[in-house]
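*Asks:* Numbering (our numbering), first residue to last: 27 to 488.
(1) For residue 413, collect the residues of the same chain with a Cβ closer than 7 angstroms to its Cβ; drop the 5 residues on either side in sequence, then sort them by chain order.
(2) With DSSP as the reference, label residue 459 as helix, strand or coil.
(3) Taking residue 66 as the reference, give the member of 141, 37, 168, 72 with the closest Cα.
(4) Since residue 271 and residue 265 should fall inside the 8 angstroms C-beta cutoff, what is the C-beta to C-beta distance between them, to a whole number of angstroms?
(5) Please classify residue 166: does DSSP put it in a helix, a strand, or coil?
(6) Helix, strand or coil for residue 308, going by three-state DSSP, please let me know.
(7) Spell out the partners DSSP gives residue 428 in its beta bridges.
(8) Just tell me which of 427, 457, 422, 464 has its CA closest to the CA of residue 474.
(9) Taking the alpha helix (DSSP H) that residue 125 falls in, what are its first and last residues?
(10) For residue 103, which residues in the same chain have their Cβ closer than 6 angstroms to its Cβ, ignoring the five residues on either side in sequence?
(11) Helix, strand or coil, according to DSSP, for residue 91 in the structure here?
(12) On the DSSP bridge list, what partners appear for residue 282?
(13) With DSSP run on the structure shown, which of helix, strand or coil describes residue 243?
(14) Identify which residue in 268, 62, 287 has its Cα closest to the Cα of residue 300.
(15) So residue 97 and residue 137 are supposed to be a Cβ contact under 8 angstroms. How far apart are they, rounded?
(16) For residue 144, which option in 178, 380, 166 has the closest C-alpha, if you only look at C-alpha atoms?
(17) By alpha-carbon positions, which one of 194, 254, 285 ends up nearest to residue 244?
(18) State the beta-bridge partners of residue 293 as determined by DSSP.
(19) Is residue 256 helix, strand or coil by DSSP?
(20) Does residue 273 come out as helix, strand or coil in the three-state DSSP assignment?
(21) For residue 100 and residue 141, which I take to be in contact (beta-carbon distance under 8 angstroms), what is that distance rounded to the nearest angstrom?
(22) Closest by CA to residue 460, which one among 122, 408, 43, 363?
(23) Report the option in 449, 208, 443, 288 whose CA atom is closest to the CA atom of residue 247.
(24) Between the alpha carbons of residue 314 and residue 253, how many angstroms are there, rounded?
(25) According to DSSP, is residue 439 part of a helix, a strand, or is it coil?
(26) Does the separation of the CB atoms of residue 415 and residue 484 fall below 9 angstroms?
(27) Starting from the C-beta of residue 119, find all residues in its chain whose C-beta is less than 7 angstroms away, skip the five residues before and the five after it, and write them out in chain order.
(28) Which residues in the same chain have their Cβ closer than 7 angstroms to the Cβ of residue 401, if we skip the five residues on either side of it in sequence?
(29) I need the straight-line Cα distance from residue 42 to residue 310, nearest angstrom please.
(30) Go ahead and label residue 368 buried or exposed: buried means 16 or more other beta carbons lie within 10 angstroms of its beta carbon, across all protein chains shown.
(31) For residue 381, does the three-state DSSP call read helix, strand or coil?
(32) Which residues in the same chain as residue 453 place their Cβ atom closer than 8 angstroms to its Cβ, once the five residues preceding and following it in sequence are excluded?
(33) Just to confirm before moving on: does the CB-CB distance between residue 29 and residue 260 stay below 9 angstroms?
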């Protein structure tokens, strides 16, 4: 159930209706509340600034309502043009990034809320009346409500100015890649907790030995779509309560069909298993999301690189900007792993879990980042040099070990691919010099200041 709640909250955040509708209902409640206050506690001093007749009040309210509704239509059109531009140039999977944008949602909600507020207040304005029974009803002009309508009109003007600036900032590719890069860095810190490899290895051995002699159940997905969220805490809790051992085969971002094996569950020979409770720990949908799916964020930046280096766009600087975001996330991960080596006691323990889920390790993440973009980067000399600098800095910072060799391998693959695709011998010679210098830097662990002094492209250009 928690997984479905995560999906619902994500869908509401990525929708273009939730925040505006909340603001509309808030405006309606505010209109009724102020109209009641005007009935009970009229503010006489506002007569010096506000219209004294019902006709004047209706004119002001109708003018504001008509104006903000027209501006709301223009705002919505501008937003759709921006979304269409971004999806066609940078990739359709970036549409959700614009749909989640709070600035656009609040702008639309302000205009629609002002419109609804003015209509609601206008229904309570009336002149002097005489009923059929001869009873006279005095005119009612809600001065406080009209005064707030004027303030909302001024606020709408300010919001419009903000929106024009905001929408141009939103479609700026540097801001788009920065937003995805920050999300990638955050998701990586959640993905790789401070737990050493020995605990994971012990957990794997314990799990393999524990399933011996138990009865295995294959639980199908029962639905078609992408896994969007998994409630691992609830899944582990069910496994503890029912004495289960669970192996998860599909993680967030994977596509499942009805008869795919979602889980393998080991129980005692005579135990009864309720598959529906286990399925409720998974939430599926029609599209991939960044929730619990760090690979989706990496692939978003990879798609931007591929499109930026396509012949129709040919924008190597956008590709290099995406590589900078990759480097930021990788360096944050390496820094976290380096800190975890100094932690002797941690509250995170794989040995306490009865659920086995293969983690997304660094090689798989680098595959999403670089293997899918290598053919595009290798065709551009400048991007290749920038990527080689990235591999060199990450490998040097990682220190001796598997991570360093992983970055060295990606460096070698990129260099080999670039030598094949580059037609100019001069460019090939430059790439060869960069590759040899990179290998020399990776192999040495001496003074970083001397390396930076001798190699201008390593660690900045100042």
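Glycine included, every Cβ here is placed at the ideal spot set by N, Cα and C. Bear in mind that the values here come from a model prediction, so they are computed numbers and not experimental data.
*Replies:* The answer reads as follows:
(1) Position 387 of the chain shown, counted from the start, is the residue given in the question as residue 413. Once the five neighbours on either side are set aside, the close Cβ partners of residue 413 are 349, 403, 440.
(2) Position 433 of the chain shown, counted from the start, is the residue given in the question as residue 459. Residue 459 sits in a helix when the DSSP states are folded into three classes.
(3) Here the question's residue 66 lines up with position 40 in the chain shown. It is 168 whose Cα lies nearest to the Cα of residue 66.
(4) Counted from its first residue, the chain shown places residue 271 at position 245. Counted from its first residue, the chain shown places residue 265 at position 239. Correct: roughly 7 angstroms between the Cβ atoms.
(5) As a first step, residue 166 must be located in the chain shown, where it is residue number 140. DSSP places residue 166 in strand when its eight states are reduced to three.
(6) Stepping through the chain shown from its first residue, residue 308 is reached at position 282. In the structure shown, residue 308 sits in a strand (DSSP, three-state: E or B).
(7) Here residue 428 corresponds to residue number 402 of the chain shown, with the count starting at 1. In DSSP, residue 428 forms no bridge with anything.
(8) By one-based count along the chain shown, residue 474 stands at place 448. Ranking the options by Cα distance to residue 474, first place goes to 422.
(9) Sequence index remark: in the chain shown, residue 125 carries index 99 (1-based). Element bounds for residue 125: 121-125.
(10) The residue given as residue 103 occupies position 77 in the chain shown. If we look at residue 103 and ignore the five residues flanking it on each side, it has no Cβ neighbours.
(11) For the purposes of this step, residue 91 is taken as the residue at position 65 of the chain shown. Three-state DSSP puts residue 91 in a helix.
(12) Locating residue 282 in the chain shown gives position 256, counting from the first residue. DSSP, once it has assigned bridges, lists 251 as partnering residue 282.
(13) Against the chain shown, residue 243 aligns to sequence position 217. Note: residue 243 maps to strand in three-state DSSP.
(14) By one-based count along the chain shown, residue 300 stands at place 274. Minimum Cα distance to residue 300 is reached at 268.
(15) Residue 97 sits at position 71 when you count from the first residue of the chain shown. Residue 137 sits at position 111 when you count from the first residue of the chain shown. Indeed, because the Cβ distance is near 6 angstroms, the residues count as touching under 8 angstroms.
(16) Residue 144 sits at position 118 when you count from the first residue of the chain shown. The shortest C-alpha separation from residue 144 is found at 178.
(17) For this step, residue 244 is matched to residue 218 along the chain shown. Of the listed residues, the one whose Cα sits closest to residue 244 is 285.
(18) Working through the chain shown from its first residue, we reach residue 293 at position 267. Paired residues: 241.
(19) Within the chain shown, residue 256 is the residue found at index 230, counting from 1. In this structure, residue 256 counts as strand in the three-state DSSP scheme.
(20) Taking the first residue of the chain shown as 1, we reach residue 273 at position 247. Strand at residue 273.
(21) Taking the chain shown and counting its residues from 1, one reaches residue 100 at position 74. Taking the chain shown and counting its residues from 1, one reaches residue 141 at position 115. Not quite, the Cβ-Cβ distance comes to about 13 angstroms (not below 8 angstroms), so this is no contact.
(22) Position 434 of the chain shown, counted from the first residue, corresponds to residue 460. Of the candidates 122, 408, 43, 363, the residue whose Cα lies closest to the Cα of residue 460 is 408.
(23) By one-based count along the chain shown, residue 247 stands at place 221. Per the Cα distances, 288.
(24) Walking along the chain shown from the start, residue 314 turns up at place 288. Walking along the chain shown from the start, residue 253 turns up at place 227. C-alpha separation (whole angstroms): 8 angstroms.
(25) By 1-based counting over the chain shown, the position of residue 439 is 413. The answer is helix: DSSP assigns residue 439 an H, G or I state.
(26) The residue labelled residue 415 in the question sits at position 389 within the chain shown. The residue labelled residue 484 in the question sits at position 458 within the chain shown. Going by C-beta atoms, residue 415 is nearer than 9 angstroms to residue 484.
(27) Taking the first residue of the chain shown as position 1, residue 119 is located at position 93. Once the five neighbours on either side are set aside, the close Cβ partners of residue 119 are 326, 329.
(28) Here residue 401 corresponds to residue number 375 of the chain shown, with the count starting at 1. Cβ within range, chain order: 443.
(29) Reading the chain shown from its first residue, position 16 is the one you call residue 42. Reading the chain shown from its first residue, position 284 is the one you call residue 310. The alpha-carbon atoms of residue 42 and residue 310 are separated by roughly 21 angstroms.
(30) Residue 368 sits at position 342 when you count from the first residue of the chain shown. Low local confidence applies: a pLDDT of 43 at residue 368 is under 50, so the model's placement there is unreliable, and no value is given.
(31) For the purposes of this step, residue 381 is taken as residue 355 along the chain shown, with counting starting at 1. Correct three-state label for residue 381: strand.
(32) As a first step, residue 453 must be located in the chain shown, where it is residue number 427. Around residue 453: 407.
(33) Position 3 of the chain shown, counted from the first residue, corresponds to residue 29. Position 234 of the chain shown, counted from the first residue, corresponds to residue 260. Yes; because the gap between Cβ atoms is below 9 angstroms, this pair is in contact.
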